[in-house]
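Let me begin by presenting the structure, written as structure tokens, before commenting on it.
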Amino acid sequence: MSKPNPKRPLEPNWLLIFIVILALGLRLFGLTTSLTDWHSFRQADTASVTREYVKHGIDLLHPTYQDLGNIQSGKDNPKGYRMVEFPFINAFLALILRTVPSLDLVVISRLFSILCSLGTTVALYYLGKRWANPAVGYLSALTFASLPYAVYYSRVILPEPSFTFCVTFAVLAFDIWIEDHKKRWYLLSFISFALALLLKPFALFFAPVMGYLALRHYRERVFYQPLLYLYGLTLAPMIWWRTWIQQFPEGIPASDWLFNGDGIRLRPAWFRWLGWERYTKMILGGGNLVVLASLLKKDKMRELLIVWGSCVLLYLVVIATGNVRHDYYQSITLPVVALAVGQGLWVIYHFFHHRDWKWAGIGVTAALFITMVLISRQFVWGFYRTRPDWEQVGQAVDRLTPPDAKVIIPAMSDTAPLFQANRTGWTLGGDIDHKIEQGATYYASTAYDDEAKELERRFQLIEKNSNHIIIKLSP
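Just so we're aligned, residue 130 is where the sequence shown starts under this note's numbering, counting upward by one.
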């Protein structure tokens with residue numbers, strides 16, 4: 130194996146290429162399945178912004194999606210505004226899809242997320258190598274490439290994969306700039322962190338990592354570095370965007386509940402859900418001891434893990450309810466998890482190697498890693514399951530209704546059936562006459578309940594079978 134040249138910090142090598150190919154292969158599983166898998170509601174929201182751009186043209190300042198209801202913001206949203214992350218990724222993907230209409234929106238969107246995750250894999254290798262040694266870099270990259278939770282959430286149509294890459298690369302580029310003072314690395318870090326903030330303000334939780342890097346390098350001179358103050362301008366695009374979207378409150382999902390809406394912060398349930406259900410079982414596959422081992426070696430990597438890990442802990446505490454209710458919220462913490470596992474496996478191996486038990490060390494670390502993957506897989510495998518009933522009703526609506534139809538598809542507020550139908554509309558039933566006044570023209574449901582029976586009596590039946598019922602609400 131060739132030894133990386135320390136003067137070229139981003140020089141690739143064959144082992145890293147193998148890890149990237151492995152990561153790609155794992156993430157291609159389920160590439161073409163319907164967008165009805167785990168957390169399909171949030172994925173459909175993101176993907177439908179891209180679809181609306183493909184249909185109606187790209188307008189970065191007025192992104193829309195397919196849900197016209199008031200569930201997310203509490204306000205009627207007749208124009209379907211979607212004011213969350215700045216939609217530069219949606220616009221980029223829409224540009225590709227408008228240029229090559231034969232491409233599939235879901236596949237292209239997933240491939241983009243996968244590409245971002247491969248970038249994160251590479252960045253983690255170089256961070257591990259710079260802060261510990263090449264072996265830790267490889268193990269960290271392999272961890273991110275292979276852990277089932279990381280694999281699944283690296284191919285979802287969400288802002289998280291690109292956000293995770295932007296933050297990780299921003300840290301790496303900042304670290305390189307701190308040492309060699311080449312402006313291009315500063316600029317790359319600046320742009321990456323600004324983009325991360327445009328995607329999710331949660332990037333602010335990881336800003337102390339850059340602060341630590343600067344303080345560690347400059348020490349008492351840290352307050353006399355103009356470029357460090359200039360780095361604060363990464364906030365400007367986010368502030369502008371968040372100010373702009375206040376004009377469209379109907380398109381801004383309620384977010385106050387994310388902090389501590391149900392009072393769960395630091396309660397026993399908070400520790401159980403995050404500490405046990407998520408990190409121990411789902412993410413690490415029981416590899417807690419490996420993470421703890423990463424803190425046994427007193428080196429600069431331990432410092433980085435403590436600082437970055439503290440940022441993660443602060444994020445979990447502040448965004449308490451959001452993290453407990455949504456397991457994808459923890460996906461942005463995966464870089465430090467991967468670094469900790471990589472360092473921990475190296476420490477465990479080195480313990481045996483130091484006693485001339487090299488093969489025992491290899492066997493133990495390999496067994497630990499494989500066990501983590503297998504246990505985690507048991508809790509993540511179900512994420513790939515799709516909803517054939519939603520696929521069928523969506524395809525039927527798309528086949529039987531005009532392209533401009535507005536459809537009510539009750540699905541417990543899940544927008545995935547609307548996305549499958551390729552129509553705008555509502556995701557909850559009830560108050561049907563009011564929705565008709567707002568423009569609803571069709572009703573489709575996979576449940577033949579009292580509401581469906583009542584509407585069947587009142588309006589024209591279009592299609593009815595064992596999977597769904599479709600009713601025309603307008604003359």
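Glycine residues also receive a C-beta, built at the ideal position from the N, C-alpha and C atoms.
Residue i: first and last residue of the uninterrupted beta strand (DSSP E) it sits in
i: Ser574; result: Tyr571 to Ser574
i: Arg590; result: Correcting the residue type first, residue 590 is Leu in the shown sequence and not Arg. Leu590 -> beta strand (DSSP E) spans Gln589 to Lys593.
i: Gly554; result: Thr553 to Trp555
i: Lys601; result: Ile598 to Lys601
Residue burial classification, residue i (beta-carbon count within 10 angstroms, cutoff 16)
i: Glu432; result: exposed
i: Met501; result: buried
i: Ala576; result: exposed
i: Ala323; result: buried
i: Ala495; result: exposed
i: Pro531; result: exposed
i: Lys593; result: exposed
i: Leu342; result: buried
i: Met102; result: This structure gives no information on residue 102, because the portion of the chain shown stretches from 130 to 604.
i: Tyr358; result: exposed
i: Leu418; result: exposed
i: Met367; result: buried
i: Glu181; result: buried
i: Ala581; result: buried
i: Val236; result: exposed
i: Ala270; result: buried
i: Asp485; result: exposed
i: Ala365; result: exposed
i: Asp196; result: buried
i: Ile499; result: exposed
i: Pro277; result: buried
C-beta atoms of residue i and residue j nearer than 8 Å
i: Asp166; j: Arg394; result: no
i: Pro539; j: Gly558; result: yes
i: Pro337; j: Cys440; result: yes
i: Leu474; j: Leu497; result: yes
i: Val453; j: Trp405; result: no
i: Ala550; j: Asp533; result: no
i: Ser177; j: Tyr194; result: yes
i: Ser291; j: Ile218; result: yes
i: Lys535; j: Arg552; result: yes
i: Leu247; j: Ala152; result: yes
i: Val300; j: Ala332; result: no
i: Thr272; j: Val470; result: yes
i: Leu481; j: Val493; result: It is worth fixing the name first, because residue 481 is Phe in this sequence and not Leu. Yes, the pair counts as a contact, with Cβ atoms nearer than the cut-off.
i: Lys427; j: Phe508; result: no
i: Phe303; j: Met339; result: yes
i: Arg211; j: Arg239; result: no
Between the CA atoms of residue j and residue i - distance to the nearest angstrom
i: Pro135; j: Ala252; result: Since pLDDT at Pro135 reaches only 48, below the 50 mark, its modelled position is unreliable, and no value is offered.
i: Gly554; j: Pro263; result: 52 Å
i: Leu425; j: Val476; result: 8 Å
i: Ile412; j: Ile561; result: 42 Å
i: Glu585; j: Ile600; result: 7 Å
i: Asp543; j: Ile200; result: 10 Å
i: Thr162; j: His191; result: 29 Å
i: Lys329; j: Arg348; result: 30 Å
i: Pro382; j: Gln354; result: 39 Å
i: Val522; j: Phe294; result: 36 Å
i: Phe335; j: Asp205; result: 35 Å
i: Ala489; j: Val213; result: 51 Å
i: Ser595; j: Asp233; result: 29 Å
i: Glu379; j: Phe215; result: 16 Å
i: Ala573; j: Leu164; result: 18 Å
i: Arg407; j: Ala398; result: 12 Å
i: Leu189; j: Phe241; result: 19 Å
i: Arg313; j: Ile187; result: 31 Å
i: Leu387; j: Ser321; result: 25 Å
i: Ser423; j: Asp391; result: 34 Å
i: Ile307; j: Arg259; result: 12 Å
i: Glu566; j: Ile537; result: 13 Å
Short CB-CB distance (under 8 Å) between residue i and chain D
i: Leu256; result: Chain labels in this structure do not include chain D; a single protein chain is all it has.
Boundaries (first-last residue) of the alpha helix (DSSP H) holding residue i
i: Ile412; result: Note, Ile412: premise wrong, no alpha helix (DSSP H); not H, not E.
i: His563; result: Ile561 to Glu566
i: Val229; result: Unbroken run through Val229: none, as it is neither H nor E.
i: Tyr255; result: Leu234 to Trp260
i: Thr266; result: In the sequence as presented, Thr is not what sits at residue 266; that position holds Gly. Element bounds for Gly266: Pro263 to Ser275.
i: Thr450; result: Ala449 to Arg454
i: Ala81; result: The shown model of the chain, from 130 to 604, leaves out residue 81, and the question about it has no answer.
i: Arg371; result: Leu364 to Trp373
i: Leu547; result: Ala545 to Ala550
i: Leu421; result: Asn417 to Ala422
Output the residue ranges of the beta strand (DSSP E) runs that lie fully inside the segment 460 to 542 and measure 3 residues or longer, sorted by chain position. 535 to 537
What are the complete alpha helix (DSSP H) segments, minimum 4 residues, inside the segment 134 to 212? 143 to 156 and 169 to 185
Please give the ranges of any alpha helix (DSSP H) in the segment 284 to 361, keeping only runs that are unbroken, at least 4 residues long and fully inside the region. 289 to 309, 312 to 328, 336 to 347 and 355 to 359
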